[in-house]
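As structure tokens, the structure follows; a few thoughts come after it.
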Amino acid sequence: MAFTFSAGSLVKARGREWVVLPESEPDLLVLRPLGGSDDDIAAVLPFEPVEEARFAPPEPADLGDQRAAGLLRTALRVGFRSGAGPFRSLAGIAVEPRAYQLVPLLMALRQKTVRMLISDDVGIGKTIEAGLIASEMLAQGEASGLAVLCSPALAEQWQQELRGKFGIDAELVLSSTVSRLERGLDLGQSLFDRYPNVIVSTDFIKSTRHRDDFVRHCPDLVIVDEAHTCVAADDTSASAQSQLRYELLRRVAQDAERHLLLVTATPHSGKESAFRNLLGLVKPDLAHVNLESETGRKLLAQHFVARKRADVRQYLTKEDGLADDSLAERTAFPSDRFFKDETYKLSPEYRALLDDAIAYASERVEEAGGQGRREARIAWWSAIALLRSLVSSPAAAAQTLTTRSAAAIAASAEEADKLGAPLNSDAADSDALEGMDVAPGAETDEGAGPGASEGPVKSRLSELAALAAQLKGPEKDLKLKALIKHLKALLADGYNPIVFCRYIPTAKYLAEQLENDPETKKRGPLGAKTVVKAVTGELSPQQRIERIEALAAEAGEDAAARRVLIATDCLSEGVNLQHHFDAVVHYDLAWNPTRHDQREGRVDRYGQRRDEVRVITLYGDDNGIDGKVLEVLIKKHRQIKKDLGISVSVPDELSTGVTDAIVEWLLMRGRENEDALFSADAFKVSTAKLDSDWNSAAERERTSRSRFAQRSIHPEEVAREVASIREALGGVGEVRTFVREALGALGAVLRGVADAAAEDFTAQVGGTPAGLRDALAPVVGVEVVEKDREIPFRSDPAVARGEAALVRTDPVVGALASHVLNAALDTQAEGARPARRCGVITTDAVTTRTTLLLVRYRFHLTLPSRSGERQLVAEDARLLAFEGAPKNGAWLAPEQAAALLEATASENTDPHFGERTMTRILGQLPDVNGYLETYGDELAAELDAAHRRVRTASGEIVRGLSVTAQKPADILGAYVYLPAAASASASVPVGVSA
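Numbering (this note's numbering), first residue to last: 5 to 998.
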């Protein structure tokens, strides 16, 4: 027997009530339990008994207090998975977007085929913005699948973000997973057909072997992370890897029907032609259009969004052109970075070793120069490797001195550059950071190798390596001694720093020197309560995250405990560390300042609690390299960022020109003549060229940011949709009140709620009903519940692990709302029931008897899309109130009805009188059905208009959209408010139990 229930219907099966979902078929019902989440969705076959269910009317004897209506309404709205309002996905995702993050979504919905370049500043939330667009398009049916192209180091983070925040399960397509995935395919089947949502390593899929299959079976929605690494300027020789990436994206973008989101914080990279090539992927016309013209700017504005923190720190205020600040949103970014450059001097022993190494490198470079270009380039990269590792640490120096140079196997000078540059330079657009933190080799002997006999060159390197190994420890390694001093100061001020190093041996060496070892009872120099761990490229991306979490867990909740993370640049991109760390120490200077900005961006971003992030840069005063790099590159970069508010990349070839001049001078003249470097002709030429081009890039960025700032969506349009969302799903204030009152009524111990102005508080839930404790345990941890530890509730949605955000999407809030709703619907539920379906309140807030109804509406939406008509259900909960009798009641405005939630009881109402009153009102409620149906039709028309409003440019959706209200509406709650004077005869003294 086929099912005949329509989507949105309420049915009873398996002993509980369910909502029928649109995915249902005549021979299969797809159901979500009433008050449940998407995790509880079930399928029911025709042989199972299913019957139509209606909400039983409220029981007049089950009266609640003045809080009952508000708690029930919020519990209901938190449980919505497809709320009303113009967006189909927002109610079902587990993230509360900031208002400014809705701008790219609104821009996307106005395009028939979505093509966007999202270039907001570091830390603003580009991943969330891209995820919002993806989840909305999948929910509408405008996209049937998703591919995210990203670095393999970021793939697992993307997977976690999509699954945890947007409910999108995506398979990882990496070199390490593809064999397993392909084993499960049918004959001739592509894995991109088998798995509709994938996260793909750009470096894996760009090869010609895999690219063609991906392009043929590519999903209709593609997100490209760090898109600037996939293009190159016309006037530079792009690497082969970059050319492969660009060819991949060019072919993906050729399909004019494919949605494409390019995400990068640095669209320019200092080169206008690279920016144009990037725009050409979004829309070919943008590669050539005159962006100085009004037509060009308007065209770009439809596809390009780029905002600084200052643009969104305060949003939807009167300064944005709004009438008032009622919807104002203030985002707590750190206000500034505090920079401090700290120097150190080499010990006599270290200085002697460096001088010997410089002399050796100089001899090798001079000797190789007479042997040919290949030999000269191999010697050059060997010299740079030796100098950089020596400046880094004794451990890195020892490793480099005993390792063969990667460039030594090169057959030509060009191949030597290709092999040597990645390990020895810090190019901002290098192919990947993976594997780039190994210590480079310095051996160049043709016969060098594990089994080779030790010649004079290798013998000399071995002697230098032995000397380097003897310099470990703060007595002779004064750089380490300086680090300990500055870390102690940071820890004393309550900071938890990350120390960034260039090489793996340096990171491991620092961890060994700084950590406490319980087994050997060795106490590190930073104190017994300081936990130190190292994260390097030797660990997989997932292992890196696990070690960071282990570090945070080991430090625990002790206020005196401190965390120190030693890391290489494998963590300088993508991984967000703002919840655990708030300071950065640059132990090794990067030779491209963009890398410094990337490191600092790991902690200086949205969600950082510190208003000021501290940055300490260590540099050698007398090693011949650091001071010049700091002066010419790092400080210049900081000044440009301070002036503009955003980072501007230095062109790689220019920064390389400066560092090459420094190394060349050092090899020719030694450390003693380093001050004369600034007057050297070659250095003057390279720095002048750097300053000129960098200043030009900064000026172009300044101009473009003001000229091409996002202006296609006005703040008033965003405000209208934010108000619509809050009307349908509730706002922060409502959720905060709900959590406080519900937990308090359920027996939780609350702290921090006495101060009415305080937004954050904590709760211990050990004394709450068992059902709530069971629901919270998987979310906050079994130990937190069983040991009755405090759960911090934060008003800021960007919370750390173990904290709960006061937003409807937080899993703790969801578990609490589900418990409150289920208890309200089940009059036989054990324990406290803070929300009830009816109540009689005597109050001074009304002058005539007023009845407040909590009404749940369901709407059937038809959204035409590329995949055909899509049937959806939207839910809404409304408060409606009337004065007098139901048959001829005077209906109040919505804001007057909502105001009744704030009414307080002036005296207790006799329970018998309350029950009689409630019985009489409930018996007369059928008289209001006509008004409820008319109001439902009005809401359906508003929902229809909202969908059309945000999709004005998408003709198919606007023409084919339809919204109808399901009838009858469900009356979930009824609450009678009696004026104090009129009910005096039926009242009891305040304080007498009612």
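The C-beta atom is built at its ideal place from N, Cα and C for all residues, glycine as well. Nothing here was measured: the structure is a model prediction, and the numbers come from that model.
- For residue 579, the three-state secondary structure derived from DSSP is coil.
- Inclusion of residue 907 and residue 981 in the CB contact set at 8 Å is warranted, their separation being smaller than that value.
- Nearest Cα to residue 115 within the set 856, 328, 303, 244: 303.
- Here residue 71 is not near residue 773, since their CB atoms are 8 Å or more apart.
- Taking all protein chains shown into account, residue 755 has fewer than 16 neighbouring C-beta atoms within 10 Å of its C-beta and is therefore exposed.
- For the 8 Å CB-CB criterion, residue 746 and residue 583 do not form a contact.
- Judged by DSSP secondary structure, residue 548 falls outside any beta strand (DSSP E) and instead within the alpha helix (DSSP H) spanning 545-559.
- Taking C-alpha positions only, residue 204 is separated from residue 857 by approximately 51 Å.
- A distance below 7 Å between beta-carbons, with the five flanking residues on each side excluded, links residue 780 to the following residues of its chain, in chain order: 769, 789, 816, 819.
- In this structure, the CA atom of residue 723 is about 13 Å from the CA atom of residue 735.
- Taking one beta carbon from each stretch, the segment 400-411 and the segment 366-375 have fewer than 3 pairs nearer than 8 Å; the two do not touch.
- In the DSSP assignment, residue 344 falls within the beta strand (DSSP E) that extends over 340-348.
- Residue 623 is not a Cβ neighbour of residue 487, given a cutoff of 8 Å.
- Taking C-alpha positions only, residue 222 is separated from residue 151 by approximately 8 Å.
- Your pair residue 607 and residue 581 checks out as a contact, with CB atoms roughly 5 Å apart and the cut at 8 Å.
- Straight through space, the alpha carbons of residue 597 and residue 618 are spaced by roughly 17 Å.
- With 16 or more neighbouring CB atoms inside 10 Å of its own CB, residue 633 falls in the buried class.
- Taken atom to atom, the span from the alpha-carbon of residue 229 to that of residue 202 is near 14 Å.
- Between the C-alpha atoms of residue 168 and residue 98 there is a straight-line separation of about 7 Å.
- Straight across, the Cα-Cα distance linking residue 253 with residue 125 is about 23 Å.
- DSSP, read as helix, strand or coil, puts residue 318 in strand.
- In the DSSP assignment, residue 869 is bridged to 872.
- When beta bridges are read from the DSSP output, residue 624 appears opposite 348.
- When the five nearest sequence neighbours on each side are left out, the beta carbons in the same chain lying within less than 8 Å of the beta carbon of residue 21 are those of 14, 15, 37, 38, 57, in order along the chain.
- Contact between the segment 557-565 and the segment 526-540 is established, with three or more Cβ pairs separated by less than 8 Å.
- With 16 or more other Cβ atoms from the protein chains shown falling within 10 Å of its own Cβ, residue 161 counts as buried.
- Separation of residue 35 and residue 53 (C-alpha to C-alpha, rounded to the nearest whole angstrom) is 14 Å.
- Annotated three-state conformation of residue 822 is helix, per DSSP.
- Taking the Cα positions, residue 523 is about 19 Å away from residue 551.
- By the Cβ neighbour-count rule, residue 489 is exposed, with fewer than 16 other Cβ atoms within 10 Å of its own.
- Setting aside the 5 residues that flank it on each side, residue 179 is surrounded in the same chain by 205, 208, each with a C-beta closer than 7 Å to its C-beta; the list follows chain order.
- When the beta-carbon positions are compared, residue 87 and residue 880 come within less than 8 Å of each other.
- Within the same chain, 867, 869, 870, 871, 872, 874 come within 8 Å of residue 145 by CB-CB distance, once the 5 residues on both sides are set aside.
- The alpha-carbon separation between residue 665 and residue 353 amounts to approximately 27 Å.
- Excluding the 5 residues flanking it on each side, residue 389 has same chain C-beta neighbours closer than 6 Å at 404, 428, 444, 446, in chain order.
- The three-state secondary structure of residue 936, taken from DSSP, is helix.
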